[in-house]
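For the record, in the sequence shown the residue sitting at position 5 is 735 according to the working numbering, with numbers rising by one throughout. Every residue, glycine too, gets a C-beta built ideally from N, C-alpha and C. If you're wondering where the values come from, they're calculated on a predicted model, not measured in any experiment.
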Amino acid sequence: MILPDLNLLLYAYNHYAPQHAKAKVWWEEALNGRELIGLPHEVMLGFVRIATNPRLGEAAVSFANAKAVIEKWQQVSVVRVLLPSEDHSQQVLSLMERSGVSGQLTSDASLAVYAMENRARLCSNDADFVRFPGLSWENPLL
731 MILPDLNLLL YAYNHYAPQH AKAKVWWEEA LNGRELIGLP HEVMLGFVRI
781 ATNPRLGEAA VSFANAKAVI EKWQQVSVVR VLLPSEDHSQ QVLSLMERSG
831 VSGQLTSDAS LAVYAMENRA RLCSNDADFV RFPGLSWENP LL
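Written out as structure tokens, the structure reads:
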């Protein structure tokens, strides 16, 4: 299973992002592949939150378009919506403590825990994930 970080999904849909071409190819191959894709609600809703932000100017999409995108993802046969475990918050805090990271990386730590709980490989363009011991991660844009 792979678990995509929000940044890759935003790049895949934002034609103005320098990483767009590589991210789009990677995401389309993932959606059409055989490997399972785990999507936490935080990633899907984060896509809506950021992709619709008016500060993006011409790159911003409408709420209806962003909603349609995440609904389409959920219909793909290899996509699984990931739910947090009962002790998800405690696991995140424990990982942060062991890693020596601060509150700025709370969302990253949460995604790392989702990935570890589901034996997934976290895919991101963000090198901060190297800080989390036991996490399998890669940057598919390199």
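| Asked | Found |
| --- | --- |
| Kindly provide the ranges of any alpha helix (DSSP H) runs that are 4 or more residues long and lie completely inside the region 735-765, ordered along the chain. | 736-743 and 750-761 |
| Measuring alpha carbon to alpha carbon, tell me which of 856, 857, 851 and 738 ends up nearest residue 865. | 851 |
| Quick check: the Cα distance between residue 823 and residue 836, rounded to an integer number of angstroms? | 8 Å |
| What first and last residue would you give for the alpha helix (DSSP H) that runs through residue 811? | Premise fails: residue 811 lies in the beta strand (DSSP E), 809-812, not in any alpha helix (DSSP H). |
| What do you get for residue 763, buried or exposed, if any count of 16 or more other CB atoms within 10 angstroms of its CB means buried? | exposed |
| Indicate the three-state DSSP secondary structure (helix, strand or coil) for residue 816 in the structure shown. | coil |
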